[in-house]
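**Q** Going left to right, the sequence shown walks through residues 388 to 631 as the numbering used here numbers them.
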Amino acid sequence: MRSRTANRSGIVIRRRVTPAGDIIVTLLTPQGKLKAVARGGVRGPLASRLNLFHHVDVQVYQTPQNDLASIRQAVLEGALTTLAEPERYAFAHLMAEFADALFQEGEFSEQAFELFAGALRGISRQDDPEWVALVMSYKLLGLAGIVPQTARCARCGRPEPTHPDPLAGQLLCAGCAALPAYPPETLDFLRNVVRRSVRASFESPVPDTQRPALWRALERFVTVQVGNVRSWQQLVPAATAPPV
Ligand SMILES: [Zn+2]
Numbered sequence: 388m389r390s391r392t393a394n395r396s397g398i399v400i401r402r403r404v405t406p407a408g409d410i411i412v413t414l415l416t417p418q419g420k421l422k423a424v425a426r427g428g429v430r431g432p433l434a435s436r437l438n439l440f441h442h443v444d445v446q447v448y449q450t451p452q453n454d455l456a457s458i459r460q461a462v463l464e465g466a467l468t469t470l471a472e473p474e475r476y477a478f479a480h481l482m483a484e485f486a487d488a489l490f491q492e493g494e495f496s497e498q499a500f501e502l503f504a505g506a507l508r509g510i511s512r513q514d515d516p517e518w519v520a521l522v523m524s525y526k527l528l529g530l531a532g533i534v535p536q537t538a539r540c541a542r543c544g545r546p547e548p549t550h551p552d553p554l555a556g557q558l559l560c561a562g563c564a565a566l567p568a569y570p571p572e573t574l575d576f577l578r579n580v581v582r583r584s585v586r587a588s589f590e591s592p593v594p595d596t597q598r599p600a601l602w603r604a605l606e607r608f609v610t611v612q613v614g615n616v617r618s619w620q621q622l623v624p625a626a627t628a629p630p631v
C-alpha cells in the first residue's frame, strides 16, 4: 500500500473545527474541489492560515487507510482582508456556499476556480458587493450548465415570458403568471447575464429596488436545481421575505 504527497493551491470555501481540534477544510482549486484535514490544526500555526477565503498552498498526504487527505503544511498565498467587513463577508460566504454546492470533488475546472476567485476579488473591492454577488452567482450557474430558461414560459412554453415564476425561479407568460411582469432592467439581466461579459454586467447594475426579486428568483432556482445550499436561506438578502 502506497501513500502519496501532493501540493495543491486553492481557496478555502468551507472550514470546520472538530471537538478534537482538527480543522477540516474544503478548498476550491483549479483541479477541482479538495477536502482535507489538518489534524490538531487548531492548536498550531495552520489555524490562522486555513481561514475562510484564504488562498493557500497546501501539502497534502493521502494514505490508503484514510479517505480524507491530511494537510502537512499550508502557506498563505493571498488574503482579501476587506472581506472581513460584515456586508462583504456575507456575500463572500454566500458565493463560497454556492461554489461548494455547484462543483464536485475531483471535477476539474480551472474556469470555475478563476470565476470564483474573480467573484471574491470583486466582492472585496467593488462599491457594490451585492451586485458582484448576483452577477457572479448567475455566471457560476452558467458555467455549471444550470441556466434558467428565459426564452419560453417555464410552464406552457409560450415564447418571451416576462413574469416571475415564484416556484422555480424561471419565467412565466402572462397567462400562467399570478405576479406582475418584471421591470425591463430585471428582464434584461435574467435574459442576458449568463452570456454577457462580467465587465458589461458590472457596468449596468439593476436598481436596488429590483434586487430582492432577483434574489428570490435565484434562491428558488438554486433550491430546485441544485438543492443543498445549507446557509443560503440566511445569506440571501431578503430572499425569505414575502413579496411586496
Ligand atoms: Zn405560460
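The C-beta atom is built at its ideal place from N, Cα and C for all residues, glycine as well. Computed from a predicted model, the values in this text were never measured in an experiment.
(1) For the alpha helix (DSSP H) holding leucine 481, just list the boundary residues, first then last.
(2) Helix, strand or coil: which one does DSSP assign to glutamate 517?
(3) Got a sec: does ligand 1 put a non-hydrogen atom nearer than 6 angstroms to the Cβ of arginine 508?
(4) Can you give the Cα-Cα distance for arginine 402 and leucine 414, rounded to whole angstroms?
(5) With DSSP collapsed to three states, give me the class of proline 546.
(6) Tell me arginine 395's beta-bridge partners as DSSP assigns them.
(7) Identify whether isoleucine 411 lies in helix, strand or coil by the three-state DSSP scheme.
(8) DSSP three-state label for serine 457, please.
(9) Taking C-alpha atoms, which residue in Cys543, Gly562, His550, Leu554 lies nearest to glutamate 572?
(10) Isoleucine 411 and alanine 486: beta carbons closer than 7 angstroms?
**A** Checking against the coordinates, here is how it stands:
(1) Looking at the DSSP string, the run of the alpha helix (DSSP H) that includes leucine 481 is 473-489.
(2) Helix.
(3) Not a single heavy atom of ligand 1 lies less than 6 angstroms from the C-beta of arginine 508.
(4) As the crow flies, the alpha-carbon of arginine 402 is around 9 angstroms from that of leucine 414.
(5) The answer is strand: DSSP assigns proline 546 an E or B state.
(6) According to DSSP, arginine 395 bridges with Val445.
(7) In the structure shown, isoleucine 411 sits in a strand (DSSP, three-state: E or B).
(8) Look at serine 457 here: in three-state DSSP terms it is strand.
(9) Of the listed residues, the one whose Cα sits closest to glutamate 572 is His550.
(10) Cβ distance not < 7 angstroms, so isoleucine 411 and alanine 486 don't count as in contact.
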